[in-house]
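>
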Amino acid sequence: MSQNTPMPERVDQIVASYQARSTALIMVLQEVQQEYSYLPPEALQRISERMDLALSQIYGVATFYKAFSLEPRGKHLVSVCTGTACHVRNSQSILERLERDLHVERGQTSTDREVTLETVNCVGACALGPVVLIDGKHYGHLTVGEVEKLVEVIRQCPCSVQH
Amino acid sequence: MRPIASPKELNDLRGRLRAAHDPNHTWVQLCAGTGCLACGCEPVADAFRQKIRGEGLEEIVHLKLTGCHGFCERGPLAVIQPQGVFYQRITPDDVESIVDQTIKHGKVVTKLLYRDPATKTRIEKAEDIPFYKKQVRLVLRSNGHIDPKSIEDYIAFGGYSGLAKALTTMEPERIVDEIKRSRLRGRGGGGFPTGVKWETCRKSKEEPKYVICNADEGDPGAFMDRSVLEGNPHSVIEGMIIGAYAIGSHEGYVYVRHEYPLAVKHLNIALGQARELGLLGPNILGTGFAFDIGVSRGGGAFVCGESTALMASLEGKVGEPRAKYVHTVEHGLWDKPSNLNNVETWANVPLILEHGADWFASIGTEGSKGTKVFALTGKICNTGLVEVPMGITLREILHEIGGGVPGKKKFKAVQTGGPSGGTLIVETRDAKIMHSMEEAGEIAPGDAVTSLLDLPVDFDELTKAGSMMGSGGMIVMDQDSCMVDVARYFIHFLIEESCGKCLPCREGLRKLHEILERITKGGGTPEDIQTLQEISDTLIDTSLCQLGGSAPNPVLSTLRYFRDEYDAHIRDKRCPAGVCKDLVGYAITADCVGDAKCAKVCPTEAITGGPRNLQVIDQSKCIQCDACYQVCTFNAIVRVKRDRAAEVQVAARQAWKPVKERTQAEARA
């Protein structure tokens, strides 16, 4: 699909698939984000025109929900589960070590745009805790000592994430 | 398939489906829930497909990818039917022996059976495993048996018969009455009587009316709603159609968390199939009743679990809640009467219609009927989903079903109700805590040991003990969990999730966090306890919605049961559990065998000593990352008060002996 269609047209298609209904705003934003891995400002502008909604309202929604990012994301997405079950199994120490080894803080993307490190509140794989997802793949029962291997996985993986 | 035009046709279809089920065929029911997917069930499924094809068994052996079986700890797992053999921790390499021995020759592969750690025996059938034995699986009855992508499977298992009965033999008022008599209470956490909610919504004059399913399961450590939607989506759809008919609604919505892609997928497939068979649409089962359901994916905001916020989000707006004095059953979605129930509540509805209110009310306690699904996680041997009758004790859930705490550690507490729930102490001899519990009437005067283990689990008992049922997350903590840190963790979680609309929640939580953080860093003062109490009380009294109103629960419940831990942090600048980094120092004791694993994982090269020698941590280089503690299998690394670490190491140097020179008694110790 997609990357080949120029942005305004692609956004129009998405908006049209929901008949430009204002109630579908969240779903429109989700699809746009899926397309570009974040919400580019031009896309938001276009949505505002097509759906006849104030840009401020769109920004309100886009910044309220966690699923949306206004910044481009890295090639690899590393999500550390910080749900309660993982927390009591010491996910905090895994997260700190990842920050240290990947040279990127939680919620941020590395300067070379290789890695985005984020935290999620429970991915529901509590039996595997502490869990880290790398590009959607689960790595469970982790210890801090194993983070080094994870970093290798990230560095060597040629694939990129399907946002 | 052509639409089913009457309940009789549905019955006929069920009869045909059952007749087509050949009892001589084999079904491999492989769990493909999110937990098992995460631990690698897909390669196992591929291996089965390949082997079945390779052996030419496609006609008589069928692989069925089912929803969650519940025993996540032992995944990937499968049940071989009709023998009912339960295999666990299956790898792709095991598939060959399962097919060759069990399927072809009826022999059991012993090494793949569950081994009971208590009796050290292998157990063949799931129902004999302690984890399953005490469960009463109603909502999860078909999870693990049916293919969630097949409406035929659901119908063959008796699905949609509750709907047929409701639509053709019962007036809407009688359905409402039946639900009222069953005394079903909302499973999302609030515990509001479902029938009463339906009745109010039904009586509301405005039109149209909406029914909504809350699948925005935001509590970390809770995944029962996801498992129901993933494993048995039709049970929720059936419940919603019955509810819509009873209330007089023709339009419904399911609001699903965006982190649950598999649930969304299975739900959408199920909705498509239901429409095709005329179980949704303009003329359901030929009765003329019209109803359909739309799916809305949430944007990832915990507060949207709150009904008014969820409805705002469904309207495409920012998910801010509003004050509750205007009831959503009268003014909800688009200001119209809206009936919102959670996934598990909806999934109970078809059962009640099928088996009757009296049957349902015969399960559970006086105030809480039926069963409840809990997600048992944290420091517990058998992590997973368990469904138990209301009124079962914590002891039965934690010890008998859960198998207790792993690794000879001591139970400390169990947290229920999610971030806005409370942390319950499991056992204590502390005189002060016992006194306060005596005053609250929770224990009889003169009890030697206070134990909440025998607390019956239902809505009212949990609330009385300072926690709440919540959506059903049950997180177990052991001696290595710091209760001040747990309180800080939850408040931090809630700060991120607070929508910011009302001041008490927005600012109060920040203040609470500031104080808790200071305590965990060793800067706490005795007055902080009082301030924590006061801010908590203010939040409870003045917050706009339940997120803020219940947010102080983790603080209040830990203050109540673990005051000694707060005191240790504040007075002695010590974290008894060894979790709070700023207070803890790492040291190596004389138990060290010199395998130097710790030195290998240390990121700052703070550990030296050389092979087969006592390892020593350079305190000036240590960053308290915990890597060495986690890797040491001899428990030779201890977390002590920061300024004692050096002292412990000096003592270790004096007492240490090379492994070879240790006496047997020393080695065992």
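If you read the sequences in order, they're chains A and B.
Under the working numbering, the letters of the first sequence match residues 1 to 163, in that order.
Under the working numbering, the letters of the second sequence match residues 1 to 669, in that order.
Think of the CB as a built atom: it goes at the ideal place given N, C-alpha and C, for glycine as much as any other residue.
Please read these numbers as outputs of a predicted model, since none were measured by experiment.
Would you say the stretch 261-274 of chain B touches the stretch 124-141 of chain A, given that touching needs at least three Cβ pairs under 8 angstroms?
Touching, no.
> Please give me, in chain order, every unbroken run of the alpha helix (DSSP H) with length at least 4 that falls completely inside the stretch 160-192 of chain B.
Counting only runs of 4 or more, we get 161-169, 172-182.
> Exposed or buried, which one is residue 650 of chain B when buried takes at least 16 other CB atoms within 10 Å?
Exposed, since its Cβ has fewer than 16 Cβ neighbours within 10 Å.
> Output yes if chain A places a C-beta closer than 9 angstroms to the C-beta of residue 475 of chain B; else output no.
Residue 475 of chain B counts as touching chain A.
> Quick one: what's got a C-beta closer than 8 angstroms to residue 524 of chain B's C-beta in the same chain, skipping five residues either side?
Answer for residue 524 of chain B: 515, 518, 566, 569, 570, listed in chain order.
> Can the beta-carbon of residue 113 of chain B be found closer than 9 angstroms to that of residue 131 of chain B?
Going by C-beta atoms, residue 113 of chain B is not nearer than 9 angstroms to residue 131 of chain B.
> Run the CB neighbour count on residue 476 of chain B, radius 10 Å, all protein chains shown included, and call it buried at 16 or more, exposed below.
Buried, because 16 or more other Cβ atoms sit within 10 Å of the Cβ of residue 476 of chain B.
> Given this structure, state the Cα-to-Cα distance separating residue 187 of chain B from residue 305 of chain B, to the nearest angstrom.
Near 13 angstroms, if we compare the C-alpha coordinates of residue 305 of chain B and residue 187 of chain B.
> Output the residue ranges of the alpha helix (DSSP H) runs that lie fully inside the stretch 560-625 of chain B and measure 4 residues or longer, sorted by chain position.
List check, alpha helix (DSSP H) in window: 563-571, 597-601.
> So, is residue 213 of chain B buried or exposed, given that buried needs 16 or more other C-beta atoms within 10 angstroms?
So residue 213 of chain B ends up on the buried side.
> Using DSSP bridges, identify the partner residues of residue 334 of chain B.
Answer by DSSP bridge pairing: none, since residue 334 of chain B is not bridged.
> Can you look up residue 480 of chain B in the DSSP assignment and give me helix, strand or coil?
Note: residue 480 of chain B maps to coil in three-state DSSP.
> List the whole-angstrom C-beta distance separating residue 178 of chain B from residue 353 of chain B, where the pair is believed to meet the contact cut-off of C-beta under 8 angstroms.
Contact flag correct, Cβ pair sits at about 7 angstroms.
> If we count the other Cβ atoms within 10 Å of its Cβ and call it buried at 16 or more, is residue 219 of chain B buried or exposed?
Answer is buried; the Cβ neighbour count reaches 16.
> Which first and last residues belong to the beta strand (DSSP E) in which residue 59 of chain A is found?
It is not in any beta strand (DSSP E) - residue 59 of chain A instead sits in the alpha helix (DSSP H) that spans 55-64.
> In angstroms, rounded to a whole number, what distance separates the CA positions of residue 105 of chain B and residue 399 of chain B?
Between residue 105 of chain B and residue 399 of chain B, the C-alpha separation is close to 37 angstroms.
> Along the stretch 112-142 of chain A, what residues have a CB closer than 8 angstroms to any CB found in chain B?
Cβ contacts with chain B: 120, 121, 122, 123, 124, 125, 126, 127, 128, 129, 131, 138, 140.
> Could you say which of B:133, B:134, B:109 lies nearest to residue 122 of chain B if we only look at CA atoms?
Nearest option by C-alpha distance: B:109.
> Enumerated in chain order, which unbroken segments of the alpha helix (DSSP H) with a length of 4 residues or greater are wholly contained in the stretch 67-133 of chain A?
Entirely contained in the stretch 67-133 of chain A, the alpha helix (DSSP H) runs reaching 4 residues are, in chain order, 84-88, 91-102.
> Nearest chain B C-beta to residue 16 of chain A closer than 9 angstroms, yes or no?
Taking Cβ atoms only, chain B never reaches closer than 9 angstroms to residue 16 of chain A, which makes this a no.
> Let me make sure I understand the geometry here. Which of B:585, B:225, B:579 has the alpha-carbon closest to that of residue 619 of chain B?
Checking every option, the nearest Cα to that of residue 619 of chain B belongs to B:585.
> Buried or exposed: where does residue 232 of chain B fall if 16 or more other Cβ atoms within 10 Å of its Cβ makes it buried?
Classification of residue 232 of chain B: buried, given that the 10 Å Cβ count is 16 or more.
> Between the stretch 324-341 of chain B and the stretch 197-216 of chain B, are three or more C-beta pairs nearer than 8 angstroms?
Contact between the stretch 324-341 of chain B and the stretch 197-216 of chain B is present, because at least three Cβ pairs lie under 8 angstroms.
> Below 7 angstroms CB to CB, which residues in the same chain sit around residue 247 of chain B once its five sequence neighbours on both sides are set aside?
198, 201, 202, 209, 211, 339, listed in sequence order.
> Residues in the same chain with beta-carbon distance under 7 angstroms from residue 14 of chain B, minus the five sequence neighbours each way, listed in chain order, please.
Same-chain partners within the cutoff: 155, 156.
> Are the C-beta atoms of residue 5 of chain A and some chain B residue less than 9 angstroms apart?
No, residue 5 of chain A lies away from the interface with chain B (no Cβ there is under 9 angstroms from its Cβ).
> Is there a Cβ from chain A that is less than 9 angstroms from the Cβ of residue 314 of chain B?
Cβ-Cβ to chain A under 9 angstroms: yes for residue 314 of chain B.
> How would you label residue 75 of chain A, buried or exposed, when you count the other beta carbons within 10 angstroms and need 16 or more for buried?
Buried is the call here.
> Could you tell me the alpha carbon to alpha carbon distance between residue 93 of chain A and residue 48 of chain B, rounded to whole angstroms?
About 38 angstroms.
> In or out: residue 171 of chain A buried (at least 16 other Cβ within 10 Å) or exposed?
Absent from the structure is residue 171 of chain A, since the part of chain A shown begins at 1 and ends at 163.
> Work out the CA separation of residue 289 of chain B and residue 405 of chain B for me, nearest whole Å.
Near 52 angstroms, if we compare the C-alpha coordinates of residue 289 of chain B and residue 405 of chain B.
> Residue 114 of chain B bridges to which residues according to DSSP?
Bridge partners of residue 114 of chain B: B:123.
> Does any C-beta atom of chain A lie closer than 9 angstroms to the C-beta of residue 298 of chain B?
It does; some Cβ of chain A falls within 9 angstroms.
> Counting only C-beta atoms, is residue 415 of chain B closer than 9 angstroms to chain A at any point?
Yes - at least one Cβ of chain A is within 9 angstroms of the one on residue 415 of chain B.
> I need the boundaries of the alpha helix (DSSP H) containing residue 131 of chain B, first residue and last residue.
Taken as a continuous stretch (DSSP letters only), the alpha helix (DSSP H) holding residue 131 of chain B covers 130-133.
> Along the beta strand (DSSP E) that carries residue 375 of chain B, what are the first and last residues, could you check?
Note, residue 375 of chain B: beta strand (DSSP E), 371-378.
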